[in-house]
Amino acid sequence: MEYETVIGLETHVQLGTRSKLFCSCPTDFGGEPNSQTCPVCLGLPGVLPVLNGKALEYAVTAGLALGCRIPETTKFDRKHYYYPDLPKNYQISQYDRPVCVGGAVEVETPDGAIRIRITRAHLEEDAGKLVHQGDSPTSGVDLNRTGIPLLEIVSEPDIRSPRNARLYLEAIRQIMRYAGVSECNMEQGSLRCDANISLRPAGAEELGTKVEIKNMNSFAHVEGALAYEEKRQAKALEKGEEIVQETRLYDAEAGTTRSMRTKEYADDYRYFPEPDLPEFHISEEMIKRLKGCVGELPLERKRRYMSEYGLSDYDAGVLTGEKPVAEYFEKIVETGADAKKACNWVTQDILRVLGEKKIAIGELKVRPKGVAELLDLIEAGRVNNTLARNRVFPKMAESGAAASEVIEKEGLAQVSDDAAIEEGCREAIGANPKALEDYRNGKKNAVQFLFGQAMRVLKGKGNPQAVRKALERLLSEEGGGQNAGRG
70 MEYETVIGLE THVQLGTRSK LFCSCPTDFG GEPNSQTCPV CLGLPGVLPV
120 LNGKALEYAV TAGLALGCRI PETTKFDRKH YYYPDLPKNY QISQYDRPVC
170 VGGAVEVETP DGAIRIRITR AHLEEDAGKL VHQGDSPTSG VDLNRTGIPL
220 LEIVSEPDIR SPRNARLYLE AIRQIMRYAG VSECNMEQGS LRCDANISLR
270 PAGAEELGTK VEIKNMNSFA HVEGALAYEE KRQAKALEKG EEIVQETRLY
320 DAEAGTTRSM RTKEYADDYR YFPEPDLPEF HISEEMIKRL KGCVGELPLE
370 RKRRYMSEYG LSDYDAGVLT GEKPVAEYFE KIVETGADAK KACNWVTQDI
420 LRVLGEKKIA IGELKVRPKG VAELLDLIEA GRVNNTLARN RVFPKMAESG
470 AAASEVIEKE GLAQVSDDAA IEEGCREAIG ANPKALEDYR NGKKNAVQFL
520 FGQAMRVLKG KGNPQAVRKA LERLLSEEGG GQNAGRG
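Offset between the sequence shown (1-based) and this note's numbering: plus 69.
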């Protein structure tokens, strides 16, 4: 029997506030265990939560970026469960009146764009972290994360493959970063994902029994866990076995999932309204103000680059992958630089330097005007493209100096003088008699070899077009190679 895979994701985004959701403790990553806590975080008797207004604004901004409807009022609820990482024994979350409702994400896949609907997005506080200490029978608990603001984005079961689940999650991360509400750093746990997956006979309407896979913090893990679970459930159904609704964990090293516990239902959490927090009103003025902060979203910008600048799907995707990179590119183009040349420099040279230096584009010493100046100098023939890439730009990135200064100081100005270029070509031909003989025997790749040798004689500063033209002329002349050898 053929089966259809049905997947829904619950994505937890840590909002980028400086303090926690209901207290003033910092949200910095990497602090000493339990050093960023207070009586509110620790759930001590007699404390009262106070909502972080910035967290509410970030939640609304994220919802607007996802196309959600923002209700006029929202409230918080208590979700009860008992575990060492939650000192209060309940989590302040949202149940029936979340801050964001509906919405959708358009996701580009190799098979075309798909639309994944959003059920809701709600605010909640994070729990702490258990620290298991090798073979010790005891575990430690770090409560620094307790109370950090999370936005849980719940999708409809519209995803049909593990690959598309990964692409959806990547799209969520990109949108949240563009909206400026979260860094979504998966290594630091500021983007995590739970996945629900079930199988049903192809063409069936009724959903199968779903299994939840908890706490994945890697795109590869999400895809790998779902791929394994897809195969596991298909084999079980083929054998006539019943799929149990449960929560499973993914073992990345083994590439398998294992049972964690029987799945809870909403009734198990005994939700009831949070008595220590009022209902919150979200005004039209607030929504209008935050909508203006969302700006152009990644897919919209990518398609604009393709239509406005004539860029390929791939290049436009690379440029718009990170908002600061896209903005850097646009500032180069605003100076009048050719968009395709600017794109090549950003996607190849600038991103390479960022990777080598392990820095963000905002830390790069070369500003967009500096790149535009370098492109102008290449166009004007002051420096050739090879030297610009291999010598000039690296020096600019190291010192922050202007392109013209580097060219002058390093003596990298392009040689375009016809006499000097011809002399260099003659020297290259004379020093390589075998290549000349190969050329005479019809081996055309000998021209490319001699071109490289001529550029070497000219210390890489020759005008490539002029060098090639002079070389081909000398080689085509009767006896030109022999005369060059004697010269």
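C-beta: ideal position from N, C-alpha, C; glycine also. Values in this document were obtained by computation on a predicted structure and should not be read as measured data.
Comparing C-alpha positions only, which one of the options sits nearest to residue i?
| i | options | result |
| --- | --- | --- |
| D382 | D263, G493, E177 and S224 | E177 |
| L626 | M355, G405, P270 and G386 | Given that the chain is displayed from residue 70 to residue 556, the structure contains no residue 626 and the question cannot be resolved. |
| S230 | L155, T80, E73 and S224 | E73 |
| Y150 | E141, S162, T142 and T143 | S162 |
| E541 | E322, G529 and G521 | G521 |
| C569 | L543, K530 and L481 | What the structure shows of the chain is the stretch from 70 to 556, and residue 569 is not part of that stretch, so it cannot be assessed. |
| G531 | G450, V461 and A173 | G450 |
| T86 | Y378, D204 and V250 | V250 |
| R330 | E101, I282, F349 and K308 | I282 |
| V440 | V422, L420, F462 and Y152 | F462 |
| V475 | I244, V129 and A457 | A457 |
| A466 | N514, R421 and V174 | R421 |
| K438 | A515, D320 and I401 | I401 |
| E399 | Y374, G293, A497 and L423 | Y374 |
| E79 | A500, M70, E193 and K123 | E193 |
| E275 | G431, E175, V75 and Q417 | V75 |
| A482 | V116, T455 and R186 | T455 |
| L359 | L125, R184 and I447 | L125 |
Go ahead and pull the three-state DSSP assignment for residue i.
| i | result |
| --- | --- |
| L90 | coil |
| N413 | helix |
| R246 | helix |
| C137 | coil |
| P102 | coil |
| M70 | coil |
| A472 | helix |
| L295 | helix |
| P463 | helix |
| A553 | Bear in mind that the predicted position of A553 carries a pLDDT of just 38, short of 50, making it unreliable; the figure below should be weighed with that in mind. Residue state, collapsed to three classes: helix. |
| Y159 | strand |
| N121 | coil |
| V116 | coil |
| V168 | coil |
| T143 | strand |
| K283 | strand |
| A589 | The structure shown has nothing for residue 589, since the chain only spans 70 to 556. |
| G181 | strand |
| A173 | strand |
| G548 | Because G548 sits at a pLDDT of 43, beneath the cut-off of 50, its placement in the model cannot be relied upon, and the following sentence gives the value as read from the coordinates. Reduced to three states, the DSSP call for G548 is coil. |
| V536 | helix |
| T80 | strand |
| P108 | coil |
| P153 | coil |
Can you say whether residue i is buried or exposed, counting buried as having 16 or more other CB atoms within 10 angstroms of its CB?
| i | result |
| --- | --- |
| Q202 | exposed |
| M524 | buried |
| L199 | exposed |
| A429 | exposed |
| L443 | buried |
| N453 | buried |
| R509 | exposed |
| G172 | buried |
| G548 | With a pLDDT of 43 at G548, under the threshold of 50, the modelled position of this residue cannot be trusted, and the question is left open. |
| G556 | Low local confidence applies: a pLDDT of 35 at G556 is under 50, so the model's placement there is unreliable, and no value is given. |
| D204 | exposed |
| G405 | exposed |
| T326 | buried |
| S267 | buried |
| H350 | exposed |
| L242 | A quick correction: the sequence has Arg, not Leu, at residue 242. Under this definition R242 is a buried residue. |
| D418 | buried |
| A488 | exposed |
Any chance the CB of residue i is under 7 Å from a heavy atom of the ligand MG?
| i | result |
| --- | --- |
| F98 | This structure does not include the ligand MG; it has no bound ligands of any sort. |
- Task: May I have a chain-ordered list of the beta strand (DSSP E) segments no shorter than 3 residues that lie completely inside the segment 304-382?
- Result: 315-320 and 325-331
- Message: Would the segment 250-260 count as touching the segment 309-319 if we require 3 or more Cβ pairs under 8 Å?
- Response: no
- Task: List in chain order: all unbroken beta strand (DSSP E) runs of 3+ residues lying wholly within the segment 498-532.
- Result: none
- Message: I want to know whether the segment 229-240 touches the segment 272-292 - three or more CB-CB distances under 8 Å.
- Response: yes
- Assess, as a yes-or-no matter, whether the segment 388-401 is touched by the segment 269-278 under the definition of 3 or more beta carbon pairs within less than 8 Å. no
- Taking only runs that begin and end inside the segment 195-269, name each unbroken beta strand (DSSP E) of 3 or more residues, in chain order. 198-201, 208-211 and 218-224
- Query: When the Cβ atoms of the segment 364-371 are set against those of the segment 214-226, are three or more pairs found closer than 8 Å?
  - Reply: no
- Item | Three-pair Cβ contact test at 8 Å for the segment 143-157 versus the segment 338-346 | yes
- alpha helix (DSSP H) runs contained entirely in the segment 423-460, provided each spans 4 or more residues: 437-448
- Are the segment 100-115 and the segment 209-219 in contact at 8 Å, needing three or more beta carbon pairs? yes
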